Amino acid sequence: MSRKLKIAIVDDEPDMRESISQWLVLSGFDTETFASAEDALKVIGADWPGIVVSDIRMPGIDGIAFLKRLMGLDSSLPVIMITGHGDVPIAVEAMRIGAMDFMEKPFDPDRMTQLAKKGTQMRRMTLDNRDLRRDLSEGQQVMSKLIGSSPVMERLREDILDLGQADGHVLIDGETGTGKTLVAHALHAVGPRASKKFVPVSCAAYNDEALAARLFGPIEDGLPAVEETRGGTLCLEDIEALSEPLQARLLAFISEQGSPADTRIIAISNARGEGRKAEDSLRPDLFYRLSALQITLPPLRARGEDILQLFTRMSEQFADEYGCEPPQVSAQEAAQLLQAPWPGNIRQLINVAERAVLQNRRGTGSIASLLMADGDDNQQATTTEGKPLKEYVESFEKMLIDNTMRRHKGSIASVMDELCLPRRTLNEKMAKYGLQRSDYL
-1 MSRKLKIAIV DDEPDMRESI SQWLVLSGFD TETFASAEDA LKVIGADWPG
49 IVVSDIRMPG IDGIAFLKRL MGLDSSLPVI MITGHGDVPI AVEAMRIGAM
99 DFMEKPFDPD RMTQLAKKGT QMRRMTLDNR DLRRDLSEGQ QVMSKLIGSS
149 PVMERLREDI LDLGQADGHV LIDGETGTGK TLVAHALHAV GPRASKKFVP
199 VSCAAYNDEA LAARLFGPIE DGLPAVEETR GGTLCLEDIE ALSEPLQARL
249 LAFISEQGSP ADTRIIAISN ARGEGRKAED SLRPDLFYRL SALQITLPPL
299 RARGEDILQL FTRMSEQFAD EYGCEPPQVS AQEAAQLLQA PWPGNIRQLI
349 NVAERAVLQN RRGTGSIASL LMADGDDNQQ ATTTEGKPLK EYVESFEKML
399 IDNTMRRHKG SIASVMDELC LPRRTLNEKM AKYGLQRSDY L
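Here is the structure:
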């Protein structure tokens, strides 16, 4: 990660400010000068992209007080103090407070350059590490939204981590409502481009002329998407909506970039939800460029007990939002949730969870009625896949223990009492379903 760092020079003597600045500029550094600590503190804060060179004896806020303020803002900021003759004891105190080093007037230009190089190297490493931690944190936050412990979701998370580190273009497909845009964000957030821009563009939201301008320019304000995302990720949603001429322009753009690509493209296709495939809508040469890496998201009906986990999480969130209790799911309702075909996938489940919370607040309705209302022609909401009764029972049992542990904040005694289970049985079932008491404390 490359960044240009500045050196802030703070001194109330104009000649000294200019002398230090001129020498550092000649040495290849960018400088910014300030006549007082008060002026400097209006600009310098945490994550200041550079280092500070400051005189010790200044009117108003002196060098020591200034240093203390800087250390309070960012204790890792390298500060070089300039001292007059006889001020060495004060300089030693400055080092104790946190200054990187000090120099006596008149300063030795070569030593100034040496200290500036050392300070900027230290600062670059500090800021790069902070960026990395932020990127990792953002990636973890996005990944945490991919709820579910089913085998297909475990594989999906592994694929995201693997493909996120790769540098090729990616094609994401799957039925509508399966979370394709979230996966695109996750691919960007866990990869080396995480600190760069992620720009989503819906190809279905524009006519041809407007889409051509949005992607390739010219546009009145800002940059076209292909320029805006240099070094980052361009996410093209509804890629199958691209016309033949725009497919040709996108292919030309990809070909001009070479390898590795300056702009990574993540294409999202909804064709699979319409009974087709992405290759049916794209010219072959573009399809093969975009699908160098490919992820197909699983439909919700194939994710087993994730359905109950998602429904519980969503209903709890909506209950918090509406200021009421989440609905208690019975064994029969759990089975109905697991058997529902979910043609709208996660998006549909979120809608059902919200309506279930609103029903529960009014004290009317049932989850079964919501599922039937969402079904085509008011048909019985069941899948054609079918599952053994044992799987339904285990899924419900896990959900029930999980919900009870969550409600009692990990109190084993309260859970045993509510579920009428002896300690040993509860421990065995928690071990069986991978539930840890520490997760609820």
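Letter by letter, the sequence shown follows residues -1 to 439 in our numbering.
Using N, Cα and C, we set each Cβ at its ideal position, and we do this for glycine too.
Note that the structure is predicted; figures quoted are calculated from it, not measured.
Legend entry - Collapsed DSSP secondary structure at Ala265 in the structure displayed: strand
Inset, instruction - Output yes or no for whether 8 Å exceeds the beta carbon distance between Thr227 and Val197. - result: yes
Inset, instruction - Look at the alpha carbon of Asp236 and the alpha carbon of Leu356, and state the distance between them as a whole number of angstroms. - result: 33 Å
Legend entry - Cβ neighbours of Ala239 in the same chain (closer than 6 Å, five flanking residues each side left out): Cys201, Ala202
Inset, instruction - Taking 8 Å as the cut-off, decide whether the C-beta atoms of Ile78 and Val51 are in contact. - result: yes
Inset, instruction - Can you grab the Cα-Cα spacing for the pair Leu284 / Arg359, in whole Å? - result: 51 Å
Legend entry - Span of the beta strand (DSSP E) around Ser289: It is not in any beta strand (DSSP E) - Ser289 carries neither H nor E in the DSSP assignment.
Legend entry - Lys194 to Asn401 span [Cα, whole Å]: 39 Å
Legend entry - Nearest residue (CA-CA) to Asp45, options Glu30, Pro76, Gly26, Lys66: Pro76
Legend entry - Distance between Ala429 and Arg422 (C-alpha atoms, nearest Å): 11 Å
Legend entry - Chain-order list of residues whose beta-carbon lies under 6 Å from that of Ser412 (same chain, five-residue window excluded): His406
Inset, instruction - Taking only the alpha-carbon atoms, compute the straight-line gap between Glu218 and Met123 and give it to the nearest angstrom. - result: 38 Å
Inset, instruction - Return the chain-ordered list of same chain residues with a C-beta closer than 6 Å to the C-beta of Arg153, the five sequence neighbours on each side being excluded. - result: none
Legend entry - C-alpha distance - Lys427 paired with Val327, whole-angstrom precision: 19 Å
Legend entry - Residue of Met397, Leu39, Asp72 minimising C-alpha distance to Leu125: Asp72
Legend entry - Exposed unless 16 or more other CB atoms sit within 10 angstroms - verdict on Cys233: buried
Inset, instruction - Measure the Cβ-Cβ separation of Ala63 and Phe32 and say whether it is below 8 Å. - result: no
Inset, instruction - Return the CA-CA distance between Ser393 and Glu303, expressed in angstroms with no decimal places. - result: 5 Å
Inset, instruction - Go ahead and pull the three-state DSSP assignment for Val41. - result: coil
Inset, instruction - Tell me where the beta strand (DSSP E) around Asp28 begins and ends. - result: 28 to 32
Legend entry - Distance, Ile59 Cα to Pro104 Cα: 22 Å
Legend entry - Inter-residue Cα distance where the pair is Ala351 and Leu3: 50 Å
Inset, instruction - With DSSP collapsed to three states, give me the class of Lys4. - result: strand
Inset, instruction - Count the other C-beta atoms from every protein chain shown that fall within 10 angstroms of the C-beta of Pro216, then say buried if there are 16 or more, exposed otherwise. - result: exposed
Legend entry - Contact with chain C by Gly146, beta-carbon distance below 8 Å: The structure shown contains no chain C; it is built from a single protein chain.
Legend entry - Run of the beta strand (DSSP E) containing Asp157, from where it starts to where it stops: Element bounds for Asp157: not the beta strand (DSSP E) but the alpha helix (DSSP H), 149 to 163.
Legend entry - C-alpha gap between Asn425 and Leu336, whole angstroms: 25 Å
Legend entry - Environment of Val224 [buried if 16+ CB atoms lie within 10 Å]: buried
Inset, instruction - Pull up the DSSP beta-bridge partners for Ser52, would you. - result: Val8, Met79
Inset, instruction - Give me whichever residues DSSP pairs with Thr402 in a beta bridge. - result: According to DSSP, Thr402 bridges with nothing at all.
Legend entry - Inter-residue Cα distance where the pair is Thr381 and Ala366: Because Thr381 sits at a pLDDT of 41, beneath the cut-off of 50, its placement in the model cannot be relied upon, and the point is left open.
Inset, instruction - Leaving out five residues on either side along the sequence, give the residues of the same chain with a beta carbon under 7 Å from the beta carbon of Ser313. - result: Pro324, Pro325, Ala351, Ala354, Val355
Legend entry - Limits of the unbroken alpha helix (DSSP H) element including Pro87: 86 to 95
Legend entry - Contact check, Ile145 vs Gln307, beta carbons under 8 Å: yes
Legend entry - Start and end residues, beta strand (DSSP E) containing Thr231: 231 to 235
Inset, instruction - Measure the alpha-carbon distance for Ser241 versus Lys143 and round it to whole angstroms. - result: 33 Å
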